[in-house]
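Report on the structure given below.
Residue numbers (the numbering used here): 1489 to 1702.
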């Protein structure tokens, strides 16, 4: 649990100092105005490095949701192009412009499915934190840093060890965001992140068609 006054994590009890945690100038500085892709790209990389200040800044920044959505689409398209496009092209038995249209339709459908799974995954994590661990964050407050940090899933494109690396890194980002934004303990945040990730990994395996070689 986390003390609402001093912000200290504790087990059964602790001696509260009565002094709220200090907010640094870096954390309290207002976000940039106007078009600032460089700032949000740097913020995304800091979130991927588990920077707690970057996570809290992004969670309070209303513009972060838009930059996060764009970065999510770019990362998701890279993953879809690297993993799904060869299967889509292999399943298309015609050439020319029809093949291009078929590939675009297939990628668009895959992107929609991935977006649906992402929002459901993050929504479930948020609801579990709220209902079972008294999480104090909002859904948008959680979504902003997680959309910015979602690009770590591109590690899945690395041969052999990519899937494991992406799963570990994404679980760690989830854990840090839920700890900082929801105000729950690290152990609780890890349990939610790892549990939901395992469930969705199994779901994705079940949805993946099995190719049989005769």
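Glycine residues also receive a C-beta, built at the ideal position from the N, C-alpha and C atoms.
Opening and closing residue of the alpha helix (DSSP H) in which residue i lies
i	result
residue 1622	Where residue 1622 is concerned, there is no enclosing alpha helix (DSSP H), given that its DSSP letter is neither H nor E.
residue 1538	Neither: residue 1538 is in no alpha helix (DSSP H) and is coded neither H nor E.
residue 1559	1552 to 1567
Supposed contact pair residue j and residue i - C-beta distance, whole angstroms, cut 8 Å
i	j	result
residue 1671	residue 1625	7 Å
residue 1647	residue 1543	Actually they are not in contact, since the Cβ atoms of residue 1647 and residue 1543 sit about 30 Å apart, beyond 8 Å.
residue 1654	residue 1669	Wrong, their Cβ atoms sit about 22 Å apart, outside the cutoff.
residue 1615	residue 1553	Not confirmed; about 19 Å, so no contact.
residue 1630	residue 1610	6 Å
Task: At least three beta-carbon pairs within less than 8 Å, the stretch 1541 to 1554 to the stretch 1590 to 1610 - done: Contact between the stretch 1541 to 1554 and the stretch 1590 to 1610 is absent: fewer than three C-beta pairs spanning the two stretches fall below 8 Å.
Open item on the list: Closer than 8 Å is the cut-off here; do at least three beta carbon pairs connect the stretch 1531 to 1542 with the stretch 1627 to 1641?
Closed with: yes
TODO: List in chain order: all unbroken alpha helix (DSSP H) runs of 4+ residues lying wholly within the stretch 1600 to 1681.
DONE: Along the stretch 1600 to 1681, the alpha helix (DSSP H) occurs as fully enclosed runs of 4 or more residues at 1627 to 1637, 1650 to 1670, listed in sequence order.
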